[in-house]
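Undergrad: These protein sequence lines map, in sequence, to chains A and B. With the working numbering, letter number 163 in the first sequence gets 163, and the count goes up by one each step, no holes. With the working numbering, letter number 272 in the second sequence gets 1272, and the count goes up by one each step, no holes.
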Amino acid sequence: MMKFVVRSSRNGVRSGVITELPGRPDVTIETPMCMVYSRTGSVPHLTPDVASKIDGTPLITHIPINSLIGHLSAVKQCKKGIRDFAVLGDTLLYGSLQDPAEPVFPGKNDKHSVAVWSKGGRISVNPEMYVEVQEAFKFDWFAALSDGDTDKQTSRKRVRKSVDRTLQWLDESIEKLQKSDVQSSERLFGVLEGGFEIDQRVHSAKETALRPVAGFCIEGFNTAGPETEKVDFTEIKSILHETLTHLPSEKPRIMHQVWPPHLVLEALEAGIDIFDSSFPYIVTERNAALIFDFKYNGTRSQVIKPNGGSDSESATRVGYEIDLKDKRFESDFSGLLAGCSCYTCRNFTRSYICHLVNTRELLASVLLMIHNVHHYFEFFRHIRLSIQEDKFLELLKLINSQRNVPEKT
Amino acid sequence: MAEGLQKRLQTEYEKLKSVQKDYQKYVTTRQQLDAQLQENTLVKEELDNLEDGANVYKMMGPVLVKQDQTEAKSNVQKRIEYINGELKRHETIIKDLETCGSKQGKDDYEESQTLAAGKIQTMAKHALSLKILGECSTTKARVCQLTLPHQVVDTPVFMPVGTQGTLKGILPEQLEDLGCQIMLSNTYHLGHRPGPELLTQAGGLHNWMRWNRALLTDSGGFQMVSLLKLAEITEQGVKFESPHDGSEMMLTPEESMRIQNSIGADIMMQLDDVVSSTTSGPRVEEAMHRSIRWLDRCIKAHKNTSKQNLFAIVQGGLDETLRNQCIEEMTKRDVPGFAIGGLSGGEEKQHFWKMVNISTDSLPKEKPRYLMGVGYAVDLVVCSALGCDMFDCVFPTRTARFGTALVPSGQLQLKKEVYANDTRPIDDNCECLTCRNYSRAYLHSIVTKETIACHLVTLHNVAYQLNLMKYVRKSIMEDTLPKFIQNFMLEQFPHKQYPQWAVDALSTVGVTLL
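Have a look at this one:
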């Protein structure tokens, strides 16, 4: 069974390692890390041959089940579950209930079930069904059934309900899973709820920590969807600080929402270990390319581009992204980002991608997704590097200097 | 006597062939050198623009390696000098070969050409050569090797359509992996966005979209039919109102050539006066004559004959006399290839195949024949048997995006519930990425929901089309095409409810269905 060890913890930022992966004894996964965000088990827009062009793809894939739950009977036919059905190779698979990049409509959960949405409509999931999902899908890790339909405005009473239901479902699930497959119960992540009510948060953390769970997933600050990239994290951060002290340190903590760079760093300081790549997906969906700088001790230098152009941007960049709809890129024959080694930047120009975006061609999303996901994974690699080199604060400063500044035109 | 001549001609012919082969080789190398020179000149310009002390990196595989700036500059300079030297050397060789070719003796040459007609033809003055590798002994089908500036293309060939300089979500590299040798792009769309100026700046479409193989562009004329409400056709050209921004656009033969020259496709099409294939009367005749006049204007306006081939488009509606008249006129011009145009516009199939059949009867054997807008499997097989070499159609890629996969027995609509638990691939015998990996059930769960469903089914459908043509070529080479057609048709129509037009078309070329 997988093992997670925290190697260091400085200013709240944890650095850890996951070992003893099932079937992959040779592999270790370092945290902080970013899971590969998937929809229906695939990286959005990318066929597997194209996705494999992204270097250093993390070994954990996040599979929100909302879009797959309607195909339970088909998954059941597959020996290795979702791994076979969606052809997922041998990465570690983490299943969760809601898609972080898809809005969830509030007010649809009740004491027996949670509502999830797919393009086919709403499906209510109860503990029996959720256990059935795990039996069929066979995730390596999966978040327990939870009622995360709370935010800043939610009443205390509703928050308490969410905590109690989630704990009750956790117990029911563990019991059912142990009956069917003991191993499965060891793969379960407990979900922490409690909205913005600190006593409820602490209660949820303490109680969940008592259960035999593989790790923790923290939710209930806001409902899922692209809007989560805009949340004010100040209060969430202080609640996380308070709550996470009640968790055992040797279990990983996952939080899925849309994470722009500064929020990743804030969440790290609060003690979160594992994220996912729904942010670069959201950026791709608005036809933008990530260009933020994370090379905290690097000197920027000019690089000859494959098409003969060179980096036209100055050393100090502002903003995280550029909008490829912008007509000023029509005749820009440089790559999306100077110095980037991704497949898109090695082969294509801003000019061509701008054309694809403005003619609404599918290849626009393919090329942007390759670049954005590559850039985001590289960001996480630099986060780990900065922790090793004791330069996290420099990275934080660099990221904050690029935050919320309107793009130069 | 005749035997002696035959032998002499054979030797001369072999000699000529080898000279022509060398010639082709040197021309190709010279083209490559041209491209290298251009690339290096660009790099030099960039290096000259650098400030002193700026860092220079060289890409070696996936990594960037730091280089000394002066060293980098001198390296590039050396490379440019070397390429210039090579270019000169090649120019001399090419000139020599050209004179050598003409020294062969004009009479011998012409005799050998007559004898060799149907075996080999090279057209050194055009940027293509067509070599007939095999002919079906029953039908009019043939297998050719069409050498274009960017790629040698095996025909009969299906060309997928990448309208706006991209094939619907598929990377150029993925298309290459499928074995695609030539694709099509649309002049009307590219002329509007990004426009010829930008394409010239980008170094042509090949470079801009990163497609290293052959490209064909249409003239923009076909859009006249589909956008007729917005168009006004005069002798000068076609006046469009842009559906994008309402602006006025005049497409003349000259403008079409200008745009197509900026795109830089291996094959470009003349602007033709297209009338809907369901139209009849004097308008059809007018369009035919105008297409001939526009062909002349296109030939005159075409600025890049050494690297791009201009094809004529045969018009004449569904009228046999007009078609023949058009072919007679057009074959008087020295064009590298012909297209059969004005069909596939909703006309009756009985008319369609007859027009194709008379066209291939009259068109010169030694030049490629491109049947425009045809791409259904049955049509591809029948029209290959009628002697067509090239085909294009948006159908396989368009239908893919709606979740329809092409299979030997017809089509699968993957949305349908029957596929929800179907663990088989789309086609057991297909070796495309999609069929190697995914079940119908998985595809069923994502079609019309996720873009990768479009990509996966598009990949399969293109693979299907290319494979079908591969089998057609293989059976022509083995001279088993009639048998192949019989089996193919039976698989498509298991109850033998063959469409009458296909039965009739095939019987004129000696194929009887099972």
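A virtual CB, placed ideally from N, CA and C, is assigned to each residue, including glycine.
#1: Can you list the residues of chain A that Q1201(B) reaches, using a CB-CB cut of under 8 angstroms?
#2: Does chain A have any CB closer than 8 angstroms to the CB of I1263(B)?
#3: Rounded to whole angstroms, what's the CA-CA distance from I274(A) to A1214(B)? Just pull it up for me.
#4: Is it the case that the stretch 356-370 of chain A contacts the stretch 270-287 of chain A, given that we only count it when at least three CB pairs across the two stretches are under 8 angstroms?
#5: Let me know if S1236(B) comes out buried or exposed under the rule of 16 or more other beta-carbons within 10 Å of its beta-carbon.
#6: Report all residues from its chain with a CB closer than 6 angstroms to the CB of P103(A); omit the five preceding and five following residues, and keep chain order.
#7: Considering only the beta carbon of each residue, do L1047(B) and V1076(B) sit closer than 8 angstroms?
#8: Compute the distance between the beta-carbons of R1297(B) and E1254(B), then report whether it is under 8 angstroms.
#9: Tell me, please, whether the CB atom of S365(A) is closer than 8 angstroms to any CB atom in chain B?
#10: Quick one: which chain B residues come within Cβ less than 7 angstroms of P48(A)?
#11: Tell me the DSSP secondary structure of H382(A) in three-state form.
#12: Give me the DSSP bridge partner(s) of I1340(B).
#13: By Cβ distance below 7 angstroms, which residues in the same chain neighbour L145(A) in space, the five residues on each side in sequence not counted?
#14: Here's the rule: buried if 16 or more other CB atoms are within 10 angstroms of the residue's CB, otherwise exposed. What is A1054(B)?
#15: Just verifying my parser: in three-state terms, what is the DSSP assignment at W259(A)?
#16: Where do the N-terminal and C-terminal ends of the beta strand (DSSP E) with E402(A) fall, by residue?
#17: Any Cβ of chain A within less than 8 angstroms of the Cβ of P1336(B)?
#18: Looking at I54(A) and V373(A), is the spacing between their C-beta atoms short of 8 angstroms?
#19: State the beta-bridge partners of H62(A) as determined by DSSP.
#20: When the Cβ atoms of the stretch 1473-1492 of chain B are set against those of the stretch 1132-1150 of chain B, are three or more pairs found closer than 8 angstroms?
#21: Would you grab the beta carbon distance between S277(A) and V50(A) for me? Rounded to a whole angstrom, and I think it's under 8 angstroms.
#22: Between the stretch 1247-1277 of chain B and chain A, which residues of the former have CB atoms less than 8 angstroms from a CB of the latter, in chain order?
#23: Going by other Cβ atoms of all chains shown within 10 Å of its Cβ, with 16 needed for buried, is L88(A) buried or exposed?
#24: Residues of chain A with CB under 9 angstroms from L995(B), in chain order?
#25: Strictly by DSSP, which residues pair up with S155(A)?
#26: Taking 8 angstroms as the threshold (beta carbon to beta carbon), is E132(A) in contact with chain B?
#27: Among the candidates K1073(B), L1033(B) and Q1164(B), whose CA atom is the shortest distance from the CA of P1149(B)?
#28: Would you tell me roughly how many angstroms separate the C-alpha atoms of P25(A) and M1(A), rounded to the nearest one?
#29: Hey, A1312(B) and F1338(B) are a contact pair by Cβ (cut 8 angstroms); roughly how many whole angstroms apart?
#30: Contact criterion: CB-CB distance below 8 angstroms. Does Q1036(B) meet it with respect to chain A?
#31: Count the other CB atoms, across all protein chains shown, that sit within 10 Å of the CB of D232(A); report buried if there are 16 or more and exposed otherwise.
#32: Chain B partners of Q402(A), CB-CB under 8 angstroms?
#33: I'd like to know if R381(A) contacts chain B, where contact means its C-beta is closer than 8 angstroms to some C-beta of that chain.
#34: Measuring alpha carbon to alpha carbon, tell me which residue in N1461(B), D1218(B) and A1072(B) is nearest V1043(B).
#35: Does the CB of N358(A) have a neighbour CB from chain B at under 8 angstroms?
#36: Have a look at K397(A) and I383(A) and give me their C-alpha separation to the nearest angstrom.
TA: Taking the definition as stated:
#1: S331 and F333
#2: no
#3: The alpha-carbon atoms of I274(A) and A1214(B) are separated by roughly 47 angstroms.
#4: Counting C-beta pairs closer than 8 angstroms gives three or more between the stretch 270-287 of chain A and the stretch 356-370 of chain A, which meets the contact rule.
#5: The sequence given here places Gln at residue 1236(B); Ser does not occur at that position. Exposed, because fewer than 16 other Cβ atoms sit within 10 Å of the Cβ of Q1236(B).
#6: Excluding residues within five positions, the ones whose Cβ falls inside 6 angstroms are G225.
#7: yes
#8: In contact: R1297(B) and E1254(B) (Cβ atoms closer than 8 angstroms).
#9: S365(A) counts as touching chain B.
#10: Near P48(A) (Cβ distances below 7 angstroms), the residues of chain B are N1437.
#11: helix
#12: V1314(B) and L1371(B)
#13: L97, V114, V125, P127, Y130, W169 and S173.
#14: exposed
#15: coil
#16: Strictly speaking, residue 402(A) in this sequence is Gln, with Glu absent from that position. Here Q402(A) belongs to no beta strand (DSSP E), and DSSP marks it neither H nor E.
#17: No, no contact with chain A.
#18: yes
#19: Y37(A) and Y94(A)
#20: Three or more pairs of CB atoms, one per stretch, sit closer than 8 angstroms, so the stretch 1473-1492 of chain B contacts the stretch 1132-1150 of chain B.
#21: In fact, because the Cβ distance is near 15 angstroms, the residues do not count as touching under 8 angstroms.
#22: Correct list: empty, as no residue qualifies.
#23: buried
#24: Residue 995(B) cannot be examined here, being either before or after the span of chain B that is shown, 1001 to 1514.
#25: In DSSP, S155(A) forms no bridge with anything.
#26: no
#27: L1033(B)
#28: When rounded, the distance between both Cα atoms is 10 angstroms.
#29: 5 angstroms
#30: No, no contact with chain A.
#31: With a threshold of 16 other beta carbon atoms within 10 Å, D232(A) falls short and is exposed.
#32: Counting only Cβ-Cβ distances below 8 angstroms, Q402(A) has no contacts in chain B at all, with the closest Cβ about 22 angstroms away.
#33: no
#34: Relative to the Cα of V1043(B), the nearest Cα in the group N1461(B), D1218(B) and A1072(B) belongs to A1072(B).
#35: With a threshold of 8 angstroms between beta carbons, N358(A) makes contact with chain B.
#36: 12 angstroms
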